[in-house]
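Chemist:
In my numbering, the protein residues as written are 4 to 180.
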């Protein structure tokens, strides 16, 4: 049998294409269209089991310009100055941050030693509206947001591999990566 469709591949001709769509949607490594960083969502239970014995921090702001005086005071009042980590460093007092520079603020947590404490920590972080945890310096996201640039994304489904990009018609552009 001869297939004369120039857009057809062996996968579409043989009927493997629907199975490949499901495979890519469920098990493929997804990358952010904005920065190219790998996107991986962690289940709260899996995240809690990976925490015991590790350094844990809660990212509050990441790469945001401003002096953040009010936020820093509120965090020190709620937690403590020892827990505050600004641009990767601890400070003896609340520093005067340059309002024109980007800053990253995180709260260092006590490393949980048992599974119940880990589950309570993950639940507390989710209740506070955080989208990820820093575990040994690496982001573990449990919300559909890129930990590098903050861009939100929708769940990937097999339909995403069937339809062409609305901007370029499938030829390739900046919008579709």
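Virtual Cβ for every residue (Gly too), placed ideally from N, Cα, C.
Nothing here was measured: the structure is a model prediction, and the numbers come from that model.
Checking 8 Å against the spacing of the C-beta atoms, do residue 108 and residue 64 come in under that value?
Modeler: Closer than 8 Å, so yes.
Chemist: Given a cut-off of 8 Å, decide if residue 100 and residue 60 are closer than it, judged by their beta-carbon atoms.
Modeler: No, these two residues do not count as a Cβ contact at 8 Å.
Chemist: Return the Cβ separation of residue 42 and residue 168 in integer angstroms, given the expectation that the two are a contact with Cβ distance under 8 Å.
Modeler: Actually they are not in contact, since the Cβ atoms of residue 42 and residue 168 sit about 18 Å apart, beyond 8 Å.
Chemist: Candidates 84, 30, 19: which alpha carbon is nearest residue 160's?
Modeler: Taking only the C-alpha atoms, the option nearest residue 160 is 30.
Chemist: Please return the same chain residues whose Cβ sits closer than 8 Å to the Cβ of residue 79, not counting the five positions on each side in sequence.
Modeler: Only 87, 97 meet the Cβ criterion.
Chemist: Using CA atoms only, rank isn't needed, just tell me which of 105, 176, 158 is closest to residue 32.
Modeler: The candidate whose alpha carbon is nearest that of residue 32 is 158.
Chemist: Which same chain residues, not among the five before or five after residue 144, have their C-beta less than 8 Å away from its C-beta?
Modeler: Hits under 8 Å: 42, 43, 44, 45, 134, 135, 150.
Chemist: Along the chain, where does the beta strand (DSSP E) containing residue 141 start, and where does it finish?
Modeler: It spans 141-144 - the beta strand (DSSP E) in which residue 141 sits, taken as one unbroken run.
Chemist: Return the chain-ordered list of same chain residues with a C-beta closer than 8 Å to the C-beta of residue 104, the five sequence neighbours on each side being excluded.
Modeler: Counting only Cβ-Cβ distances below 8 Å, and skipping sequence neighbours, we find 68.
Chemist: Based on Cα-Cα distance, which residue from 53, 82, 77 lies nearest to residue 118?
Modeler: Ranking the options by Cα distance to residue 118, first place goes to 53.
Chemist: Just how far apart, CA to CA, sit residue 51 and residue 84?
Modeler: Taking the straight line from one Cα to the other gives about 25 Å.
Chemist: State yes or no: is the C-beta of residue 164 within less than 8 Å of the C-beta of residue 36?
Modeler: For residue 164 and residue 36, no; Cβs fall outside 8 Å.
Chemist: Starting from the Cα of residue 57, find the closest Cα among 115, 20, 155, 38 and give me that residue.
Modeler: Ranking 115, 20, 155, 38 by Cα distance to residue 57 puts 115 first.
Chemist: Here's the rule: buried if 16 or more other CB atoms are within 10 angstroms of the residue's CB, otherwise exposed. What is residue 34?
Modeler: Exposed, because fewer than 16 other Cβ atoms sit within 10 Å of the Cβ of residue 34.
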